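Asker:
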Amino acid sequence: MNDIYISGTGIWTPPHKVSNDELVESFNKYVDLYNSDHAESIKEGSLEALVHSSSEFIVKASGIKQRYVIEKESLLDPMHMKPYIKARNDEELSFTAEVGVIAAKQALNNADLDPSDIDAVIVSAANLQRAYPAVAIEIQNELGIEGFAYDMMVGCSASTFGISNAYCDIKAGKSSKVLVISPEITSGHNNFKNRDGHFIFGDICTAVVIEKNSQSKNKFKILDTKLKTSFSNNIRNNYGYMNAIEDKEYSESELLFVQNGRKVFKEVMPFVSSLILDQLNAYSLSPDEIEQYWLHQANINMNSYVIKKLLGDDFPPERAPIILDEYANTSSAGSIIAFHKFNHLTPGQKGIICSFGAGYSICSILLEKE
Ligand SMILES: CC(C)(COP(=O)(O)OP(=O)(O)OC[C@H]1O[C@@H](n2cnc3c(N)ncnc32)[C@H](O)[C@@H]1OP(=O)(O)O)[C@@H](O)C(=O)NCCC(=O)NCCS
């Protein structure tokens, strides 16, 4: 019997921390500048005045208190409003490959493996740095890994879908030890000039080792992966290679992340709890037999909704760890950060990693600590 395990995880956290107050102060300065620059049109009624953001709203609506970003001086400059990153030439390691290698080395170390033990690399994220060559192949090359590598994108569920792919590749005999890396440099797609969402995201990169018959001392057997998708325009990013040939001049904001957060909340929530319950039913498990739930980290109220459906009102918070207060929404990386940082399973106990978001896409991974 070939059992398949998650045997190591790693994260790269950017060096710059930005509090809600810092972000709101710069946003409000931007609003004041915009309103004074467009005072005439606003007075005439041809333009709407922009409105200040507030830290109180952000914490209440999302639970987010701060985030890490790749650069903050330029992000907090009201004339710029996005992090600055120096372009690299084609001979240099690309940014997402660089942070992917750092996270991967930590995951390999935690799995007691060397890069030479790995035979496949999957980079799976909501956004990829470029179309090709695959960032995964660049990381494979940098780490000196034989075998194959590929990139994939599944919005906010990219990391868990990536783990599921690794699991299936191993089951099918195509590989035996796989690295799944999720560089979520969300600063690149976030609209920091948009009041509804300027506070949502943070940057991060996670890495996970999935392997057959692991010798690691800290390993989690994958019992099942359950995937579901259902098309929705409520989270959308229109950036893509077809933009260049379309008969349209896109504004910057049209090629960034947009969402109807309220609708997402309402539509995705029932979807998530029913998927997890179906998965548990198939294994004759009750929600209470799952010791820990490492859920997607977009909004504290969403996590409370899901967990209450599963565990009721009275449960110790460590059974459903929250990291979004510190990291904000890190897209597909959130549930993996929670799993990496807050994991108290003892042998025989079970846990669920579950992501949900753009697509819509949901993936639930049922694990047992060995
Ligand atoms: C985005 C999100 C935090 C917004 O919270 P919300 O409670 O739905 O907030 P709304 O957009 O409905 O706005 C509520 C009010 O706050 C105001 N508001 C919006 N942004 C604000 C800000 N930055 N500061 C102060 N007030 C703000 C709105 O104008 C609105 O005011 P009104 O009631 O007078 O019209 C929330 O909807 C969410 O997280 N949804 C899920 C999104 C998600 O998971 N997406 C997946 C992406 S990976």
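Under the working numbering, read the sequence shown as residues 8 to 377, first letter to last. A virtual CB, placed ideally from N, CA and C, is assigned to each residue, including glycine. Please read these numbers as outputs of a predicted model, since none were measured by experiment.
Are the beta-carbon atoms of residue 327 and residue 162 separated by less than 8 Å?
Answerer: Sequence index remark: in the sequence shown, residue 327 carries index 320 (1-based). Sequence index remark: in the sequence shown, residue 162 carries index 155 (1-based). No, these two residues do not count as a Cβ contact at 8 Å.
Asker: How should residue 86 be labelled, buried or exposed, when 16 other C-beta atoms within 10 angstroms of its C-beta is the threshold for buried?
Answerer: Mapped onto the sequence shown, residue 86 falls at position 79. Classification of residue 86: exposed, given that the 10 Å Cβ count is below 16.
Asker: Where does the unbroken beta strand (DSSP E) through residue 374 begin, and where does it stop?
Answerer: The residue given as residue 374 occupies position 367 in the sequence shown. Looking at the DSSP string, the run of the beta strand (DSSP E) that includes residue 374 is 368–376.
Asker: Are the region 345–359 and the region 299–309 in contact at 8 Å, needing three or more beta carbon pairs?
Answerer: Contact holds: three or more Cβ-Cβ distances are below 8 Å.
Asker: Pop quiz: residue 274 and residue 239 are said to be a contact at Cβ under 8 Å. What is the actual Cβ separation, rounded to whole angstroms?
Answerer: Taking the first residue of the sequence shown as 1, we reach residue 274 at position 267. Taking the first residue of the sequence shown as 1, we reach residue 239 at position 232. Their Cβ separation, rounded to whole angstroms, is 7 Å, which keeps residue 274 and residue 239 in contact under 8 Å.
Asker: Thinking C-beta only, is residue 194 closer than 8 Å to residue 76?
Answerer: For the purposes of this step, residue 76 is taken as residue 69 along the sequence shown, with counting starting at 1. For the purposes of this step, residue 194 is taken as residue 187 along the sequence shown, with counting starting at 1. Yes, these two residues count as a Cβ contact at 8 Å.
Asker: I'd like to check one pair, residue 81 with residue 90: are the Cβ atoms closer than 8 Å?
Answerer: Locating residue 90 in the sequence shown gives position 83, where the first residue counts as 1. Locating residue 81 in the sequence shown gives position 74, where the first residue counts as 1. Result yes, Cβ atoms of residue 90 and residue 81 sit closer than 8 Å.
Asker: Which first and last residues belong to the beta strand (DSSP E) in which residue 236 is found?
Answerer: For this step, residue 236 is matched to residue 229 along the sequence shown. Its beta strand (DSSP E) spans residues 227–236.
Asker: Taking the alpha-carbon positions, what's the residue 179 to residue 376 distance?
Answerer: For the purposes of this step, residue 179 is identified with residue 172 of the sequence shown, where counting begins at 1. For the purposes of this step, residue 376 is identified with residue 369 of the sequence shown, where counting begins at 1. Cα to Cα, residue 179 sits roughly 23 Å from residue 376.
Asker: Is the region 52–64 touching the region 101–112, taking contact as three or more C-beta pairs under 8 Å?
Answerer: Taking 8 Å as the limit for Cβ pairs, the verdict is that the region 101–112 does not touch the region 52–64.
Asker: Do you know offhand how far residue 92's Cα is from residue 190's?
Answerer: Here residue 92 is taken as the residue at index 85 of the sequence shown, counted from 1. Here residue 190 is taken as the residue at index 183 of the sequence shown, counted from 1. In a straight line, the C-alpha of residue 92 is about 15 Å away from that of residue 190.
Asker: Give, in chain order, every unbroken run of the alpha helix (DSSP H) that is at least 4 residues long and sits entirely within the region 97–141.
Answerer: Taking only runs of at least 4 residues, the alpha helix (DSSP H) segments lying wholly in the region 97–141 are 102–117.
Asker: In this structure, how does DSSP classify residue 351 when only helix, strand and coil are distinguished?
Answerer: For the purposes of this step, residue 351 is taken as the residue at position 344 of the sequence shown. The answer is coil: DSSP assigns residue 351 none of H, G, I, E or B.
Asker: What residue from 182, 156, 186 has the CA that sits closest to residue 170's CA?
Answerer: In the sequence shown, counting from the first residue as 1, residue 170 sits at position 163. If we check each option's Cα against that of residue 170, 186 comes out closest.
Asker: Starting from residue 28, trace the beta strand (DSSP E) in both directions and tell me its first and last residue.
Answerer: As a first step, residue 28 is located in the sequence shown; it is residue number 21 there, counting from the start. Taken as a continuous stretch (DSSP letters only), residue 28 belongs to no beta strand (DSSP E), being part of the alpha helix (DSSP H) at 27–44.
Asker: Between which two residues does the beta strand (DSSP E) harbouring residue 277 extend?
Answerer: Locating residue 277 in the sequence shown gives position 270, counting from the first residue. Where residue 277 is concerned, there is no enclosing beta strand (DSSP E), although the alpha helix (DSSP H) it sits in stretches over 268–289.
Asker: Report the residue from 333, 88, 374 whose alpha carbon sits nearest the alpha carbon of residue 197.
Answerer: Start at 1 with the first residue of the sequence shown, and residue 197 comes out as number 190. Checked all of 333, 88, 374; the closest Cα to residue 197 is 88.
Asker: Check whether the region 253–268 and the region 313–325 are in contact - that is, three or more C-beta pairs closer than 8 Å.
Answerer: With a cut-off of 8 Å, the region 313–325 and the region 253–268 do not count as touching, because too few Cβ pairs lie within range.
Asker: Mind pulling the beta strand (DSSP E) runs of 3 or more residues that sit fully within the region 138–180?
Answerer: For the region 138–180, whole beta strand (DSSP E) runs of length 3 or above, ordered along the chain, are 155–159.
Asker: May I ask you to check if the CB of residue 217 is nearer than 7 Å to at least one heavy atom of ligand 1?
Answerer: Looking up residue 217 in the sequence shown gives position 210. Because no heavy atom of ligand 1 lies under 7 Å away, the Cβ of residue 217 does not count as near it: no.
Asker: Can residue 285 be considered in contact with ligand 1, in the sense that its beta carbon sits closer than 7 Å to one or more heavy atoms?
Answerer: Your numbering for residue 285 matches position 278 in the sequence shown. No - ligand 1 has no heavy atom lying nearer than 7 Å to the Cβ of residue 285.
Asker: Would the region 31–49 count as touching the region 137–146 if we require 3 or more Cβ pairs under 8 Å?
Answerer: Judged by Cβ distances under 8 Å, the region 31–49 makes no contact with the region 137–146, as fewer than three pairs qualify.
Asker: Rounded to the nearest angstrom, how far is the Cβ of residue 119 from that of residue 153, given a contact under 8 Å?
Answerer: Residue 119 sits at position 112 when you count from the first residue of the sequence shown. Residue 153 sits at position 146 when you count from the first residue of the sequence shown. So it is not a contact: roughly 19 Å between Cβ atoms.
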